[in-house]
Amino acid sequence: MSTACEELVDPKQIKLDEIIDKHKHSNGPLIPILQGAQEVYGYLPAHVIKHISKATRIPVARIYGVVTFYAQFRLTPVGRNLINICLGTACHVRGGAKVVEAIEKELKITDGATTEDGRFTLEVVACIGACGLAPVISINNEVHGRLSPDKIAGILAKYE
Amino acid sequence: MAENQRILVCAGTGCASSGALPIIDVLNNEIKRQGLEKTVSVVGTGCQGFCEKGPTLVIEPQQILYTRVTEEDVAEIIEQEFIKGERVERLLLVDQATQKPVSSMGDIRFFAKQHRIVLHNCGVIDPKKIEEYTARDGYKGIVKALKGMSPEEVMEEVKKSGLRGRGGAGFPTGLKWGFCRQTPSDKKYIICNADEGDPGAFMDRSVLEGDPHSVIEGMLIGAYAIGADEGYVYCRAEYPLAIKHLGIAIKQAEEAGYLGDNILGSGFNFHLKIFEGAGAFVCGEETALMASIEGKRGMPRVRPPFPAVSGLWGKPTNINNVETWSNIPHILRNGAEWYGQFGTEKSKGTKIFALTGKVNNTGLVEVPMGTTLREIIFDIGDGIQGGKKFKAVQIGGPSGGCLPEDMLDLAVDYDTLTQAGAMVGSGGLVIMDETTCMVDIARYFLNFSKKESCGKCTPCREGTTRMYEILDRITKGEGKEEDLDTLENLAITIKETSLCGLGQFAPSPILATLKYFRHEYEAHIHDHKCPAHNCTALLSYSIDVEKCKMCSLCAKNCPTNCISGDKKTNTPYVIDEEKCIKCGTCIEKCKFGAVTRA
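Chains as they are written, first to last, in full-length UniProt numbering: chain A, 1 to 160; chain B, 1 to 598.
See below:
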């Protein structure tokens, strides 16, 4: 019996509850809880938002307002690898747009989309602060600098 | 041989992405293999500033700089430096003027013209070790304050130093502290703004990564002067390494008794927390930042009341940015007079600039206020890449402006730049050459401001979108005669009526480019030409029959098959402009320079 019960408990849910308990009583808990939840689930599914609302007594509408305000939060799942293409000023001036084109062509998706096999999600961001190496992209927080369109295929091949 | 030699490997975000981290391991292994572990040690430091040439490493105490080092070079460096006492010439920097390799950092122009106060420890110490910070006079400023100075005296010292906020507006720091100190309250907060959202600026990231204790010490001193007992560092989530290093530093400072209750037995309490931002440029604005910490949408509110009166959770709050806080320990340690010797009459001290774009030496540079743009770009930055012609320098990010060549002898300080229609801002300097289109740059920034506008006030929400639409049309060759007047009117209205700095300064890139590069706008509108050959819609490609050898390479590579011709029948190659998508492939492929772009 006990094994059956344990199987019913979702390990992600346990982690989520831990995160909520950790922050619930501090001042301004919502953003740290949402960040933690997104780390566990990869994005913020509707049932998670509802659960957070119940546990913190913050209305769903307010949570939704916060989630849609900040660029970090997402309401749809991401691929296994997240590509952030930098189009900050330095990258823009040094040909970042050509890098975007090359990646979009290689993966056949555009900004904000995920490949059909779930391997990559593409996001254009304003600056990742590695301007000295422009143009740059980061994949799963790993920065690749001094790029040109011909280097793209080789870099993407390293990520499964 | 020499006692205690160190190899400082830059492990900041820039060099780490150029491959610095494996080099540290290989260095350690190689030192062991060559039996040098007693005399030579390896330190992974924060940003050394010379991102362009990364990964970089410095041999101490001789101060030898090696650039673009790879794992394969390690064995040779160790053997030459520590066994033979010689240099590995091919990895030294080559001076562009003399074409000779330079070994000592003091002789390298990139470093020689800098004066490092805030970056004093960056690239020199291991940021993950508090003892390396204290060994270089770290925490002496707060000790001095707590042991012998009243909070008023500390504040006076900061006022006297003439330090002004490094986040953009340049408000005198001591004065700002005073407002918060004067407000009676049972609870006060201080905040470090590390939401460095300006594209093209990365000094705050580098300071947090490379010398996090200096920020903590600055905040401690500020908290003591203001009478606050709790602080937050609001850091962008895009800076994982900065957050990690700051987290380690806070823990170490707590263990060492610099943070917590009854600090150094003085009865003064201060607790510091990190708040990870969730990605919104507008949160760099004080009231929006505080709303974000409170767990709300990060939207600014009307001031007054100013944060010094009613800030975080309604309590008096003082906010400064990373670079400002990091200046404070130096002022306390060395005194206001010492600090006042650097800079100009109204802008004291140094400023860190992120030098990027089409310049030879990209990286992080710290110079005294009052240094000219020409010195920064052509001496420290070593001029324009690929021998091209300088066109403009964009200073101050989306709130700043572009300055042309005849403004290069301007001394960089708050007031001079504001007068010229730009601003120091956070200190991003993006260099542009003749191939950069200034209308496109204005369009780029307006696209940014439009996306980042929080939507609360109408002038910013609607105005940035309308201005972007006009600029977008102009770059597509659909500009109208009246567009420039409309743009100017909109820009002035939005500047005057927006709620916060984002909207008030969003028109700056337009106003500055209209002021200095109006002819480029006119060429787009009247002649349907982009003088920089950058705006795709305005380009036309053609093949010069005289130069064409009919090799057919252009036609074979054209993605839309719009080039036709035949060598056998001696039909010259021509481009069908209707079908041409102006991708430029033909120009890249032609070996004879027969394809031209106009």
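Beta carbons are placed, not taken as given, at the ideal position from N, Cα and C, and that holds for glycine.
- By the C-beta density criterion, B:Arg597 is exposed, having fewer than 16 other C-beta atoms within 10 angstroms.
- DSSP, read as helix, strand or coil, puts B:Cys548 in coil.
- Within the region 136-178 of chain B, complete alpha helix (DSSP H) segments of at least 4 residues are found at 140-148 and 151-161, given in chain order.
- Under the three-state reduction of DSSP output, B:Ala354 falls in the strand class.
- Among the CB atoms of chain A, one or more fall inside 7 angstroms of the CB of B:Ile293.
- If you look at A:Glu39, you'll find it in the alpha helix (DSSP H) that goes Leu30 to Tyr41.
- Interface residue (Cβ-Cβ distance to chain A less than 7 angstroms): B:Tyr258 is not classified as such.
- Under the Cβ criterion of 7 angstroms, B:Cys51 is counted among the residues facing chain A.
- In the DSSP assignment, B:Pro572 falls within the unbroken beta strand (DSSP E) covering Thr571 to Ile575.
- Against chain B, the CB of A:Thr89 has a partner CB under 7 angstroms away; the residue lies at that interface.
- Chain-order list of chain B residues neighbouring A:Ala130: Thr13, Gly14, Ser17, Cys51 and Phe202, by C-beta distance under 8 angstroms.
- Under the three-state reduction of DSSP, B:Ala112 is assigned to helix.
- Close to chain B, meaning a Cβ-Cβ distance shorter than 8 angstroms, are the following residues of the region 112-130 of chain A: Val125, Ala126, Cys127, Ile128, Gly129 and Ala130.
- Nearest CB-CB separation between B:Glu238 and chain A: below the 7 angstroms threshold.
- Taking a Cβ-Cβ threshold of 9 angstroms, the residues of chain A close to B:Met432 are Val93, in chain order.
- From the beta-carbon of B:Thr436, the residues of chain A found nearer than 8 angstroms are Val93.
- Contact annotation for A:His47 against chain B: no contact, minimum CB-CB distance about 21 angstroms [criterion: below 7 angstroms].
- Its Cα nearest to that of B:Gly197, the residue B:Ser399 stands out among B:Gly363, B:Ser399, B:Val102 and B:Glu131.
- Between the beta-carbon of B:Leu373 and that of B:Leu410 there is about 6 angstroms, and that keeps the pair under the 8 angstroms contact cut.
- Our two residues, B:Cys283 and B:Leu91, have alpha carbons roughly 43 angstroms apart in a direct line.
- Interface annotation, B:Ala278: in contact with chain A, CB-CB separation under 7 angstroms.
- DSSP places B:Thr39 in the coil class of the three-state scheme, outside both helix and strand.
- With 16 or more other CB atoms across the displayed protein chains lying within 10 angstroms of its CB, A:Ser138 is buried.
- Check the Cα spacing between B:Met467 and each of B:Leu499, B:Leu511 and B:Asp433: the tightest is with B:Leu511.
- Between the alpha carbons of B:Leu403 and A:Tyr41 lies a gap of roughly 47 angstroms.
- Bounds of the alpha helix (DSSP H) holding B:Cys15 are Thr13 to Ser17.
- At a cut-off of 7 angstroms between beta-carbon atoms, A:Asn141 makes contact with chain B.
- In summary, the residues of the region 41-68 of chain A whose CB is separated from some CB of chain B by less than 7 angstroms are Gly65 and Val66, in the order they occur in the chain.
- For B:Gly363, at least one C-beta of chain A is nearer than 7 angstroms to its own C-beta.
- In this structure, the straight-line span from the alpha carbon of B:Arg297 to that of A:Ile58 is close to 14 angstroms.
- Sixteen is the threshold: when 16 or more other Cβ atoms of the shown chains lie within 10 Å of the Cβ of B:Ile494, as they do, the residue is buried.
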